[in-house]
Each structure stands twice: as structure tokens, then as C-alpha cells.
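A.B. asks: With this note's numbering, the residue at position 34 of the sequence shown is 40, and numbering never jumps. Ideal Cβ placement from N, Cα and C applies to all residues, glycine included. For clarity, every value in this text was computed on a predicted model and none was experimentally measured.
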Amino acid sequence: MEKTSKRVVIVGIPGVGKTTVVTKLEEMLKTAEVKTNYVVFGTVMFEEAQKIGVKRRDDMRKLPVKTQRKLQEKAATSITKRKADVVLVDTHLFINTKEGYYPGLPHNILTALSPTNLVLVQAEASEILARRQKDATRNRDMVSLEAIERDLMVARSMLAASAVISGAAMQIVNNAEGKADQAAKAIFDAIH
Ligand code: ATP
Ligand code: MG
């Protein structure tokens, strides 16, 4: 591990498997005795949202964009206070709102987080659809395969834009069916 600490921002569309992959990555880093701090951006944001009466995590994306923006800023400020060799931030590049794609990492949030590495987790649209359908722990929006394909494309362009703005290295990792370990290892090898 290099001396400088890393701030690794992991993104990908809902249900692609970010949390699954990052949980495995965290275990690998801890086994390698790398001081790691793992934070789910949405969880920190939800803690802030609960203070204004939001009851369910999946209701946050239905709030007015202005409110979501305030909550994002509060979450980013809280996350930048975390110190470790590797800070892993599990978040979204965009949220589907009625106004359109709302960036999860607009310029101000990206600048505040100042990532060293940006990692996009992706999978086949059909796999993502099946994962959303299987996952009973969340209130997921169900959309068509075509809409998922479009979201995957938007994700790649937003990733590139985020890399240019932040100067972070960008990596695209495939989270193939049953192979979340391999996806985690690819990120581990890139940052370790
Ligand atoms: P969100 O953005 O909504 O938080 P996420 O990207 O974090 O979603 P997960 O919650 O990690 O997605 O995964 C969604 C579902 O897909 C879970 O049920 C998980 O067990 C399953 N899953 C994740 N990765 C794989 C994989 N490689 N193979 C099969 N199933 C997977
Ligand atoms: Mg998740």
C-alpha cells in the first residue's frame, strides 16, 4: 500500500451489486491489514433525511431535488471527516427523478469528496433486472430492460465526466453473475 491514503468512490446503477462487491472488498482490505473505512453515502444521507421526517430510505429519491441537494451536501461534509488508509464510498452517479437524471456527484459534492479512484460497477441489463426482482429487502423501482440499458450508458458518460472533473483514475468493473468476489478482487488489485 502506498503511503498516501485513498478515497475510492464506487458507483453503479441500483441493484448492480455495489454493496455486495464493496462488502467483499472491505473484507479483503482488512485481511491485508489496510485500515479501511466503508461508508454508504445513501445511509449517511438517510440519517440526515430522518431528521426532517423521511421514514423510508427509498423515499429519499422522491423528495424535491432541492431537498435532496441539501441532504447530499450534509452527507458529503460528514464523510470527508473520516480518516483511514482507504475510505470506500458506496454511492450513485445519478438518481432517476421526475425532473430527469439528477447527478449524485454534482461538481460541489465531487469536489468535497475529492476521490483518488472512481470505480463503476456494471453487469448485463438482464442480470440487473433479475437482481432487482429477487431483492426483497428494498423498495426497488421496476423498469424495462431498455431503460436499464439506457441507465448503463448514462452511467458510463457520467463516470467519464466525473474523472475529468476530479482527476481521479476511473475503472469499470464487471460484476458477473455469481462472481462478486472477482469484481472485488479487480478493485483490490487496482488500489492496493
Ligand atoms: P443499490 O444501489 O440499490 O444500493 P446495489 O448496487 O448496492 O444496489 P446490492 O444490494 O449489492 O446492489 O445487490 C442487489 C442484489 O443483487 C442483492 O440481492 C445481491 O445479493 C445480488 N447480487 C449482487 N451481486 C451479485 C452477483 N455477482 N451475482 C448474483 N447476485 C448478485
Ligand atoms: Mg447498495
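Are the region 55–64 and the region 35–46 touching by the rule of at least three beta carbon pairs closer than 8 Å?
C.D. replies: The answer is no - the region 35–46 does not touch the region 55–64, with fewer than three Cβ pairs under 8 Å.
A.B. asks: So, is residue 131 buried or exposed, given that buried needs 16 or more other C-beta atoms within 10 angstroms?
C.D. replies: Working through the sequence shown from its first residue, we reach residue 131 at position 125. Its Cβ being crowded by 16 or more others within 10 Å, residue 131 is buried.
A.B. asks: For residue 80, I'd like the list of residues in its chain whose CB is within less than 6 Å of its CB, leaving aside the five on either flank, ordered along the chain.
C.D. replies: Here residue 80 is taken as the residue at index 74 of the sequence shown, counted from 1. These residues qualify, in order along the chain: 54.
A.B. asks: Could you work out which residue in 20, 122, 170, 33 is closest to residue 155 when comparing CA atoms only?
C.D. replies: In the sequence shown, residue 155 corresponds to position 149, counting from 1. Answer by Cα proximity: 20.
A.B. asks: Applying the criterion that 16 or more other CB atoms from any shown protein chain within 10 Å of the CB defines a buried residue, is residue 145 buried or exposed?
C.D. replies: Here residue 145 refers to the residue found at position 139 when the sequence shown is read from its first residue. Looking at its Cβ environment, which holds fewer than 16 other Cβ atoms inside 10 Å, residue 145 is exposed.
A.B. asks: Pick from 82, 95, 76, 65: whose alpha carbon is nearest that of residue 25?
C.D. replies: In the sequence shown, counting from the first residue as 1, residue 25 sits at position 19. The option with the nearest alpha carbon to residue 25 is 95.
A.B. asks: Using 8 Å as the Cβ pair cut-off and three pairs as the minimum, do the region 107–125 and the region 162–178 touch?
C.D. replies: Verdict: yes, contact present.
A.B. asks: I'd like to check one pair, residue 148 with residue 100: are the Cβ atoms closer than 9 Å?
C.D. replies: What you label residue 100 is simply residue 94 of the sequence shown in a count that begins at 1. What you label residue 148 is simply residue 142 of the sequence shown in a count that begins at 1. No, the Cβ-Cβ distance between residue 100 and residue 148 is not below 9 Å.
A.B. asks: CB residue 97 to CB residue 106, shorter than 9 Å?
C.D. replies: Along the sequence shown, one-based indexing puts residue 97 at 91. Along the sequence shown, one-based indexing puts residue 106 at 100. It is not a contact, given that the beta carbons lie outside the stated cut-off.
A.B. asks: Considering only heavy atoms of ligand 3, does any lie closer than 8 Å to the CB of residue 96?
C.D. replies: Ligand 3 is not among the ligands present in this structure, which contains only ligand 1 and ligand 2.
A.B. asks: May I have the straight-line CA-CA distance separating residue 8 from residue 198, to the nearest angstrom?
C.D. replies: Looking up residue 8 in the sequence shown gives position 2. Looking up residue 198 in the sequence shown gives position 192. Residue placement at residue 8 is poorly supported in this model, since its pLDDT is 46, which falls under 50; the coordinates still yield a value, given next. Looking at the two C-alpha atoms, the distance is approximately 8 Å.
A.B. asks: When burial is assigned at 16 or more other CB atoms within 10 Å of the CB, is residue 152 buried or exposed?
C.D. replies: The count along the sequence shown starts at 1 and reaches residue 152 at position 146. Residue 152 comes out exposed.
A.B. asks: In the DSSP assignment, the alpha helix (DSSP H) including residue 36 goes from what residue to what residue?
C.D. replies: Mapped onto the sequence shown, residue 36 falls at position 30. Segment 24–37, the alpha helix (DSSP H) holding residue 36.
A.B. asks: Pull up the CB-CB distance for residue 41 and residue 90, whole angstroms please, since I reckon it's below 8 Å.
C.D. replies: By one-based count along the sequence shown, residue 41 stands at place 35. By one-based count along the sequence shown, residue 90 stands at place 84. Confirmed, Cβ separation roughly 5 Å.
A.B. asks: Considering just the uninterrupted stretch of the beta strand (DSSP E) at residue 106, what are its terminal residues?
C.D. replies: In the sequence shown, counting from the first residue as 1, residue 106 sits at position 100. It spans 106–109 - the beta strand (DSSP E) in which residue 106 sits, taken as one unbroken run.
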